[in-house]
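J.:
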Amino acid sequence: MSPEASEPRLGWNPAPTQGWVAPHIAAEFPGLGISWVEVDGHPGRSPEGVRHHLRQLSDRFYGPQAIQMREQPIPWAYRVFYRQIGLDPDRTRTPVEQLAFDRIRDGAFKSEGMPADALTVAIAETGVALRAFDADRLRGSLCVRDSAPGESLPGQPGELSQGTLTIADEKCPVGLLFGETAAGYGVEPGSRRLAIVAVQVNGVPQIAVSEALWMAAATIEAAGP
Amino acid sequence: MGLRAAVDERPARAELRRQVGRLERELSGLLAEGFGRVTVDYRVAAVAAAPRVLDLGELERLRDELAERVADARVTLHEQGEVEAQNRELLRQMIAAPKDFKWAIVTRDDLGLPSCGAWHSRPRLGPIGMLMGWWRVKVSSGCPLSGRLAAVE
């Protein structure tokens, strides 16, 4: 047995890839960042272990927590960022608050299969905003930038209004920042490799982002390719 | 001669964003404080249809609206606090002299307390107590059990 094989695995290997933020956007929003990990996986029914984890999470989560959540550092950081970019976080909910809302409405974190359940577990545990893309469709490094004149979101009618904040690869925007995903870039039945993407905002520690990515990727990996 | 000067608005925007963050936290705290006691208006409409960098004017409007909500929420909570204080005083007097508050009911809700329950000024031994002036404050036994509710349904 090689020494590498016997070593306990710490964190996700390889480490999350750091994307970039357009300099003028970074100057406006210090602390804004994007990072991701890629993992083999495909959509499908979640294994019993993941569904058990969701049930446990449901049992740990109550109504008053949903109200108090917005005072906790990480959910608060996302709420504030939503305000700062013009969104109403009570209408366009932050990922963790959307989960809390769904939990209260449905009475439990309902299983929606992989990779959605992996994201639910990681978001609920850490509060970090995660989303998944089809890694095979992405070209090069991901970034957060504003839209250029005449640019549009693939699959969406009309142009993006200039200055719209997007997540983009080297080719085009692949989704709105905290919004819709471009057609063809989301996880679909044929997806075989997934990119789990975290958007970090001011006030969210790097260790929480790394933990969220690791947790989501490990859950997907454990479910099998 | 016209005077033209380029002004860097970035520090002003940064300061407004800091204020928005502080107000958002304060509003969240007030909402949590009033949860289950009183309805606090916390909604501030979206400034933009899609995420983007807000300009100085938009940030100022957002800051002002949040400040208005915080001020309104403080007033609402203060008024509710006064009502609850009056009800606590009423309950204190009611317990001290039940006969002076015949049939009065103070609920936990009236005091801003969670869960079910009430203090009810009523006569001992029913009509006999009424005739004799034997009044007391009876504390209800709390929320109905789910099993009992199911039996009623």
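Note that the protein sequences, when read in sequence, are chains A and B.
Just so you know, the numbering used here puts 104 at position 104 of the first sequence, and the rest follows in order with no gaps.
Just so you know, the numbering used here puts 34 at position 34 of the second sequence, and the rest follows in order with no gaps.
Glycine included, each C-beta is placed from N, C-alpha and C at the ideal position.
No experiment lies behind these values; they were computed from the predicted model shown.
Any heavy atom of the ligand GTP closer than 7 Å to the CB of residue 36 of chain B?
T.: The ligand GTP is not among the ligands present in this structure, which contains no ligands whatsoever.
J.: Please classify residue 134 of chain B: is it buried, with 16 or more other beta-carbons within 10 angstroms of its beta-carbon, or exposed?
T.: exposed
J.: Beta-carbon within less than 6 Å of residue 124 of chain A's beta-carbon, same chain only, minus the 5 sequence neighbours each way: which residues are those?
T.: Excluding residues within five positions, the ones whose Cβ falls inside 6 Å are 57, 99.
J.: Rounded to the nearest angstrom, how far is the Cβ of residue 30 of chain B from that of residue 83 of chain A, given a contact under 8 Å?
T.: Not confirmed; about 16 Å, so no contact.
J.: Just to confirm the assignment: which complete alpha helix (DSSP H) runs, minimum length 4, are found wholly within the segment 167–211 of chain A?
T.: Qualifying alpha helix (DSSP H) stretches: none in this window.
J.: Look up residue 44 of chain A in the DSSP assignment and say whether it is helix, strand or coil.
T.: The three-state secondary structure of residue 44 of chain A, taken from DSSP, is strand.
J.: What does the Cβ neighbour count give for residue 53 of chain A, buried or exposed, with the cut at 16 atoms within 10 Å?
T.: buried
J.: Rounding to the nearest angstrom, what Cα-Cα distance links residue 70 of chain B and residue 80 of chain B in this structure?
T.: 15 Å
J.: Does the beta carbon of residue 9 of chain B sit closer than 8 Å to a beta carbon anywhere in chain A?
T.: no
J.: State the CB to CB distance for the pair residue 87 of chain A and residue 202 of chain A, rounded to an integer number of angstroms; the pair is presumed to be in contact (CB under 8 Å).
T.: Wrong, their Cβ atoms sit about 16 Å apart, outside the cutoff.
J.: Is residue 1 of chain B close to chain A, meaning its C-beta is less than 8 Å from at least one C-beta of that chain?
T.: Caution is warranted here: a pLDDT of 45 is assigned to residue 1 of chain B, below 50, making its placement in the model unreliable, and no coordinate value can be reported.
J.: List, in order along the chain, the chain A residues whose C-beta lies closer than 7 Å to that of residue 51 of chain B?
T.: 85, 86, 87, 164, 165, 176, 177, 178, 179
J.: Where in the segment 95–125 of chain A do unbroken runs of the alpha helix (DSSP H), each at least 4 residues long, occur, reported from the N-terminal end onward?
T.: 95–106
J.: Say whether the segment 184–191 of chain A touches the segment 156–164 of chain A, bearing in mind that this needs 3 or more beta-carbon pairs closer than 8 Å, one atom from each stretch.
T.: Judged by pairs of C-beta atoms under 8 Å, the segment 184–191 of chain A does not touch the segment 156–164 of chain A, as fewer than three such pairs exist.
J.: Using a beta-carbon distance cut-off of less than 7 Å, what residues from the segment 113–124 of chain B approach chain A?
T.: none
J.: Which value, in whole angstroms, describes the spacing of the CA atoms of residue 55 of chain B and residue 13 of chain B?
T.: 7 Å
J.: Specify the secondary structure class of residue 7 of chain B as computed by DSSP and reduced to three states.
T.: coil
J.: According to DSSP, residue 29 of chain A sits in a beta bridge with which residue or residues?
T.: Bridge partners of residue 29 of chain A: none, in fact.
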